[in-house]
Amino acid sequence: MSTQLNKNLMKNIRWLSLLLCTQQAIADSYIYVTNTTPETVSVNINHHGTRTLTQGSQWAQEATQIAPYETKRVLRFNRYTGVKSGQTYNFDTVITGGGSSITLKQSMTGTWSGSDIKHSASGSDFSAPWFNDRNIQRFNTNYAGKAAQTAFKAEYTGGYDDFHYTIHQNTVPEPVASSADEFKVLTYNIYALPLVASKIDSRLGQLPQNLKGYDAILFQETFASGRTAMLAKLAQEYPYQTYIPIGSGFNIYDSGILVASRHPIVKTDHFIYPSCTGIDCFADKGVIYAEILKNGKAYHVTSTHTASFDTDAARDMRQ
Numbered sequence: 001m002s003t004q005l006n007k008n009l010m011k012n013i014r015w016l017s018l019l020l021c022t023q024q025a026i027a028d029s030y031i032y033v034t035n036t037t038p039e040t041v042s043v044n045i046n047h048h049g050t051r052t053l054t055q056g057s058q059w060a061q062e063a064t065q066i067a068p069y070e071t072k073r074v075l076r077f078n079r080y081t082g083v084k085s086g087q088t089y090n091f092d093t094v095i096t097g098g099g100s101s102i103t104l105k106q107s108m109t110g111t112w113s114g115s116d117i118k119h120s121a122s123g124s125d126f127s128a129p130w131f132n133d134r135n136i137q138r139f140n141t142n143y144a145g146k147a148a149q150t151a152f153k154a155e156y157t158g159g160y161d162d163f164h165y166t167i168h169q170n171t172v173p174e175p176v177a178s179s180a181d182e183f184k185v186l187t188y189n190i191y192a193l194p195l196v197a198s199k200i201d202s203r204l205g206q207l208p209q210n211l212k213g214y215d216a217i218l219f220q221e222t223f224a225s226g227r228t229a230m231l232a233k234l235a236q237e238y239p240y241q242t243y244i245p246i247g248s249g250f251n252i253y254d255s256g257i258l259v260a261s262r263h264p265i266v267k268t269d270h271f272i273y274p275s276c277t278g279i280d281c282f283a284d285k286g287v288i289y290a291e292i293l294k295n296g297k298a299y300h301v302t303s304t305h306t307a308s309f310d311t312d313a314a315r316d317m318r319q
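Its first residue numbered 1, the sequence shown is counted upward by one per residue in UniProt numbering.
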């Protein structure tokens, strides 16, 4: 009898521990930062207000650096435990790189049932107002000596919101090369993979205005239906485009590969790889070839999407 009671007691303790951990996670807000600059940036956090939370148990800095083109969770803080009604709790996260700094701000006010929060950002040449919605906010700035944009938004989680910030240096258009002896190529896996990738339509809508000045662009993972509108808009600068190869049998996705060119495409060919591994088999992976004629000179380019995983089978197929 006592053995059964002990078993039940242990089950209840484990269940309560899990419940407490779940409630703790739901009661936290997390701050994420995406660094789309080519330099590593440093992270410093200042917590202040009419009261402060206990570092370690109620709030914590989770990163001191963010690598180029990396997204990292840098801060967590509790929205309930230790939060007193009517008191304010501020977090200033300073992102520094290339001699510039951007401050990411959250200001939390305690309520009888938890807390309310507003968010903002500022730099040497801008100061955003406070927001309490989930819209994307964008502010132009100068970062590390280049024109840039700071963007941020709150994101619904089912509990308290998380906050996402991005520091993005504006794309500098590639100068067009007029000489027949110079041929500029961009290869780009655009990750337009339905059911897996996020915000596909939004990203596709941004591509044409940011892909300027190349002689040819080699695309991979151009799967989503929104590709039709994207390629039509891209045709204003790259009017010559290959077809997207399709395998002989039924599959979920076609190859998703193509070549878009500023100059006439005079010959094309393709090959669908006969073997695949894992979920790569859901697409007709292969290679497409294009001969492009620039000012009377022929250039031969290929776009391919090979087996993508780091397994022995995938490596063998890539070889």
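Here a beta-carbon is modelled for each residue, glycine too, at the ideal position from N, C-alpha and C.
Relative to the C-alpha of residue i, which candidate in the options has its C-alpha closest?
i: F91; options: K118, N46 and V74; result: N46
i: Q58; options: S178, Y30 and F183; result: Y30
i: T306; options: T150, A229, P274 and P239; result: P274
i: S115; options: D133, N142, S85 and Q137; result: S85
i: L211; options: E237, G99 and H263; result: E237
i: G286; options: I265, F219, P239 and A260; result: F219
i: K184; options: Y32, P38, G56 and H300; result: H300
i: E70; options: T40, K199, G98 and T96; result: T40
i: L193; options: D215, E221, I167 and L293; result: E221
i: P38; options: I167, R138, D28 and S127; result: I167
i: I292; options: P264, A283, F282 and T93; result: P264
i: T176; options: G213, N142, D161 and L186; result: According to the sequence as given, residue 176 is Val; it is not Thr. Among G213, N142, D161 and L186, the Cα nearest to that of V176 belongs to G213.
i: V266; options: A216, A298, P239 and K199; result: A298
i: T88; options: G99, L75, T81 and S107; result: S107
i: W223; options: N44, Y191 and Y240; result: Per the sequence presented here, residue 223 reads as Phe, with Trp not at that position. Taking only the C-alpha atoms, the option nearest F223 is Y191.
i: R134; options: I95, S120, G226 and Y143; result: S120
i: T228; options: Y80, F250, N251 and I200; result: I200
i: D161; options: T103, S101, N132 and A290; result: N132
In the DSSP assignment, what are the bridge partners of residue i?
i: N140; result: Q149
i: V33; result: K72 and Y165
i: F131; result: H119
i: S42; result: Q65 and T96
i: D28; result: N78
i: K297; result: K294
So, with DSSP's three-state summary, where would you put residue i?
i: A197; result: coil
i: H305; result: coil
i: C21; result: Annotation note: pLDDT 42 at C21 (below 50); position unreliable, coordinate value reported separately. Helix, per DSSP.
i: L204; result: helix
i: N189; result: strand
i: G159; result: coil
i: L211; result: coil
i: A177; result: coil
i: F183; result: coil
i: V172; result: coil
Contact the region 199 to 211 vs the region 230 to 249: 3+ CB pairs below 8 Å:
Enough Cβ pairs lie closer than 8 Å, so yes.
Kindly provide the ranges of any alpha helix (DSSP H) runs that are 4 or more residues long and lie completely inside the region 215 to 295, ordered along the chain.
227 to 234
What beta strand (DSSP E) runs, 3 residues minimum, are completely inside the region 44 to 115?
If we require 3 residues or more, the beta strand (DSSP E) runs fully inside the region 44 to 115 come out as 59 to 61, 70 to 78, 88 to 97 and 100 to 111.
Stretch pair the region 170 to 183 + the region 136 to 156: three plus CB contacts closer than 8 Å:
yes
Three or more beta-carbon pairs under 8 Å between the region 61 to 69 and the region 102 to 112, yes or no?
These segments do not touch.
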